[in-house]
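Residue 0 is where the sequence shown starts when you use numbering that gives the first Met the number 0, and the numbers rise one by one after that. The beta carbon of each residue, even a glycine, is placed where N, CA and C say it ideally should be.
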Amino acid sequence: MDPLGEQGCLSDEEKNKPYKSKHVADYLQKRLPILKWLPEYKMPFLFNDILAGTTVSLTVIPQGIAYAAVAGLPLQYGLYTAFVAPFILVFFSTVPAVTLGPTAVMALMSLPYVTALGPEAAGLMSLLAGMFILLCGLLNLGFLTELISGTVLAGFCSAAATRIMTMQFRQLLGLKIPGNGFIDVLNGIILNIQDTKITDFVLGIITILAIIFLKNLSALLRKCQVRDPRIHKVTWYLCVGRNALAIAAGCIISFYLSSGVSSSLTLTGYIEPGVPVVELPSFSFNVSKDIPTLNGTITDTTLIGFLDSLQFFGLGIILLAVVSILEHIAIAKSTSSGKSVDSSQELCSLGIANIFGAFVGAFPVTASFARSAVQKSSGCRTPLCNFFVSAIVLLSIMFMTDIFYYIPKASLAAVIISAVAPMIEYHEIPYLWKVSRLELVPFFATYFVCLLTTIELGIVVGTAIHLVLVAFHTTRKAPEIRHNQDGEILVIVERSLYFSGVEMLRNCLEKLIERDTPCTIIIDMNRVACIDATSMKALENVLAIAQGKTFRIFVDNLKPEIRSSIQAGFGSESKILFASSSVRSQMAEEVA
């Protein structure tokens, strides 16, 4: 019997079934990476993943509580945020070392909306930001974040760190100052400095110094040439767990002081225990401040609907999502150990994590550089390590909130100040001065606008200024002109032709055509990757001027798609001609 006989009788649809099945399997593995790495999981990996997850949890628990305070939320919301996001990464992330959770920047960008709309706004923000990020991942739109330059991002991060530190100084000093604006808080600190609680201030300063010491302990031992690996291992754990140790020490001190001296320290207070309730985020809010809506300005306590909430969020929610994307992709690439990163899938995982977080009231998340670095150095092998982060955070929510009551606010402030201080990129100023002084303009513009107004406006202003500088450099670049002995002129176009830069080429060609001596003009488009309609019309205008004069205009070294565009735009009756490659070579030899 012919073994192929039965197969030869199959329909085309049946023959294509194996191919389609493989295609579906590949797509599922791409969108659910756990299907790829879980079947290959080895038991020796488990110890490394448990160790990494446990180590990171010691960092994210105190930071989650602290960053919830920065966002103006009840402190348990920080733990909810720290619990959900890592769990989602187990299924969707492609980079084991990346860990999601609360960050200082996301907390600060959430603050104005939480202040205006209440804690329930955090869930809606996460939902909207997550949907936008997920859409970017599915449509491969991550390139849009490239519009925000590193210079603008440096100015933004520096301003965010400055604002967060200023806000935390009032906790460090034990002062009760309303408002969250930089000027308001700074002015309040100066006017009320005499009311500083000495116990809060002393504990805060000692905590900052202890955190700095533990952070640099390993480097100090290396400098002292201590070679015992056991000592280095212990100091590494002390360094990684320095925030947890600082919070634990503060709890012990406040517990003993509270039994002897009334209100000697300002405490965090009650944190609601228990697993968060899973429910849809709120789409309407009770507000008691002046807020512009579709129906005008509202005052007092008023219920605003979903559309009015969207108007209030405005561009801010998009910018929040963009900043989240920028941080996540940058950290994923830096912790991938040289392996290629599927940026689209990472955006999908980030978007899904934010969407799921919305159902427990979490505020928007992104990757944390410090915690991701800890996870990588702890030896994580797979994304399963994030499961243990979530599990330990969940246990802390269920059983440790009574202990969290005694966390001094000064200790939390010290943890936050120590975490965000390195975000002030002062080193960027001398670097830009040496390399590109003009970029100091968008850097300082972003910094001061973010500092004195809002984060969103600062990013928009800085980006706009930088794009104007780029456009200025683009439009001022004139084409290179070369002559040969026969009077032929070679015009070399340096870049793609867009509406913003074509005027320089047009002026150059018009000056050549207006000369009395007829000549041949060859436009070299070797470096042109794209030409838009405005540029095409500009070239048509040049040809119209050349009519009636004994000029020949050639275009050479065209990419196929550019040739097609020119042929379609100019038509067969045009005076523009396509030069052969030999013309360009001959010109180059004669000029040389």
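Within 8 Å, strictly: CB atoms of residue i and residue j
{"i": "Ser-283", "j": "Leu-302", "result": "yes"}
{"i": "Met-422", "j": "Ala-84", "result": "no"}
{"i": "Leu-489", "j": "Ile-530", "result": "no"}
{"i": "Val-55", "j": "Val-414", "result": "no"}
{"i": "Phe-200", "j": "Leu-171", "result": "yes"}
{"i": "Leu-319", "j": "Met-130", "result": "no"}
{"i": "Ser-92", "j": "Ser-348", "result": "yes"}
{"i": "Val-373", "j": "Ile-60", "result": "no"}
{"i": "Tyr-76", "j": "Ala-67", "result": "yes"}
{"i": "Gly-100", "j": "Gly-63", "result": "yes"}
{"i": "Ile-163", "j": "Ala-103", "result": "yes"}
{"i": "Ile-147", "j": "Val-321", "result": "yes"}
{"i": "Gly-268", "j": "Tyr-446", "result": "no"}
{"i": "Leu-450", "j": "Gly-136", "result": "no"}
{"i": "Gly-664", "j": "Ser-410", "result": "This structure gives no information on residue 664, because the portion of the chain shown stretches from 0 to 591."}
{"i": "Ile-454", "j": "Phe-155", "result": "yes"}
{"i": "Glu-509", "j": "Glu-493", "result": "no"}
{"i": "Phe-168", "j": "Ile-188", "result": "yes"}
{"i": "Ile-354", "j": "Ser-342", "result": "no"}
Reference residue i, options the options, closest by Cα
{"i": "Pro-43", "options": "Cys-379, Ala-420, Ala-477", "result": "Cys-379"}
{"i": "Asp-523", "options": "Ala-537, Leu-496, Thr-533, Cys-384", "result": "Leu-496"}
{"i": "Leu-78", "options": "Phe-312, Trp-235, Gly-273, Asn-483", "result": "Gly-273"}
{"i": "Val-276", "options": "Val-184, Tyr-236, Phe-82, Ile-49", "result": "Phe-82"}
{"i": "Leu-511", "options": "His-482, Arg-526, Ala-528, Thr-198", "result": "His-482"}
{"i": "Leu-431", "options": "Leu-439, Val-23, Tyr-425", "result": "Leu-439"}
{"i": "Gly-350", "options": "Val-233, Asp-25, Ile-87", "result": "Ile-87"}
{"i": "Glu-278", "options": "Leu-110, Leu-126, Asn-525", "result": "Leu-126"}
{"i": "Glu-560", "options": "Thr-300, Glu-493, Ala-528, Met-535", "result": "Ala-528"}
{"i": "Thr-300", "options": "Phe-311, Asn-285, Asp-307", "result": "Asn-285"}
{"i": "Leu-190", "options": "Leu-174, Gly-180, Ile-205, Asn-179", "result": "Leu-174"}
{"i": "Ile-406", "options": "Ile-251, Ala-128, Thr-165", "result": "Ile-251"}
{"i": "Ala-477", "options": "Leu-456, Thr-462, Leu-504", "result": "Leu-504"}
{"i": "Ala-120", "options": "Gly-568, Leu-309, Ala-412", "result": "Leu-309"}
{"i": "Phe-46", "options": "Leu-74, Thr-452, Leu-383", "result": "Leu-383"}
{"i": "Ala-331", "options": "Ala-24, Ala-96, Leu-237", "result": "Ala-96"}
{"i": "Leu-152", "options": "Val-94, Val-541, Pro-441", "result": "Pro-441"}
{"i": "Lys-408", "options": "Leu-74, Gly-52, Val-23, Ser-343", "result": "Leu-74"}
{"i": "Ala-596", "options": "Val-434, Phe-311, Thr-462", "result": "The shown model of the chain, from 0 to 591, leaves out residue 596, and the question about it has no answer."}
{"i": "Gly-457", "options": "Arg-562, Leu-50, Gly-315", "result": "Gly-315"}
{"i": "Ile-246", "options": "Leu-134, Leu-266, Thr-381, His-426", "result": "Leu-266"}
{"i": "Asn-556", "options": "Ile-565, Glu-539, Arg-526, Thr-53", "result": "Arg-526"}
{"i": "Ala-564", "options": "Leu-538, Lys-222, Ser-257, Arg-551", "result": "Here residue 564 turns out to be Ser, not Ala, going by the sequence shown. Looking at the Cα atoms, Leu-538 is the closest of the given residues."}
{"i": "Arg-514", "options": "Asn-242, Gln-566, Ile-544", "result": "Ile-544"}
Contact belief for residue i with residue j at Cβ below 8 Å, rounded distance in angstroms
{"i": "Thr-150", "j": "His-465", "result": "6 Å"}
{"i": "Leu-57", "j": "Gly-240", "result": "5 Å"}
{"i": "Cys-507", "j": "Glu-487", "result": "Their Cβ separation, rounded to whole angstroms, is 15 Å, which puts Cys-507 and Glu-487 out of contact at 8 Å."}
{"i": "Val-554", "j": "Thr-533", "result": "Rounded, the Cβ-Cβ distance is 17 Å, inconsistent with contact."}
{"i": "Val-469", "j": "Val-460", "result": "The pair is not a contact, with the Cβ atoms about 15 Å apart (cut-off 8 Å)."}
{"i": "Thr-80", "j": "Phe-362", "result": "6 Å"}
{"i": "Met-166", "j": "Asn-186", "result": "Rounded, the Cβ-Cβ distance is 13 Å, inconsistent with contact."}
{"i": "Thr-234", "j": "Leu-220", "result": "6 Å"}
{"i": "Ile-132", "j": "Ile-324", "result": "6 Å"}
{"i": "Gly-203", "j": "Ala-412", "result": "6 Å"}
{"i": "Ala-51", "j": "Ser-371", "result": "Rounded, the Cβ-Cβ distance is 11 Å, inconsistent with contact."}
DSSP bridge partner residues for residue i (one or two, in chain order)
{"i": "Pro-407", "result": "Leu-266"}
{"i": "Glu-479", "result": "Ile-491"}
{"i": "Leu-519", "result": "Reading the sequence as shown, one finds Thr at residue 519 and not Leu. Answer by DSSP bridge pairing, in chain order: Arg-551."}
{"i": "Gly-100", "result": "Thr-365"}
{"i": "Leu-496", "result": "Ile-530"}
The ligand NAD heavy atom lying under 7 Å from the CB of residue i
{"i": "Phe-282", "result": "The ligand NAD is not part of the structure shown, which contains no ligands of any sort."}
Residue i at chain C interface by Cβ criterion, 8 Å
{"i": "Tyr-497", "result": "The structure shown contains no chain C, having only a single protein chain."}
If we require 4 or more residues per run, which alpha helix (DSSP H) segments fall completely within the segment 294 to 365? DSSP runs (the alpha helix (DSSP H)) wholly in the segment 294 to 365: 305 to 312, 315 to 333, 342 to 357.
With a floor of 3 residues, list each beta strand (DSSP E) that falls wholly inside the segment 213 to 294, ordered by position along the chain. 284 to 286, 290 to 292
4-residue-minimum alpha helix (DSSP H) runs that sit fully inside the segment 23 to 53, ordered along the chain: 33 to 36
Which ranges does the alpha helix (DSSP H) cover as unbroken runs of at least 4 residues, wholly within the segment 381 to 457, from first to last along the chain? Qualifying alpha helix (DSSP H) stretches, in chain order: 384 to 398, 400 to 403, 408 to 419, 427 to 434, 439 to 451.
List, from N- to C-terminal side, the alpha helix (DSSP H) runs of 4 residues or more that fit wholly inside the segment 173 to 209. Segments of the alpha helix (DSSP H) lying fully in the segment 173 to 209: 181 to 190.
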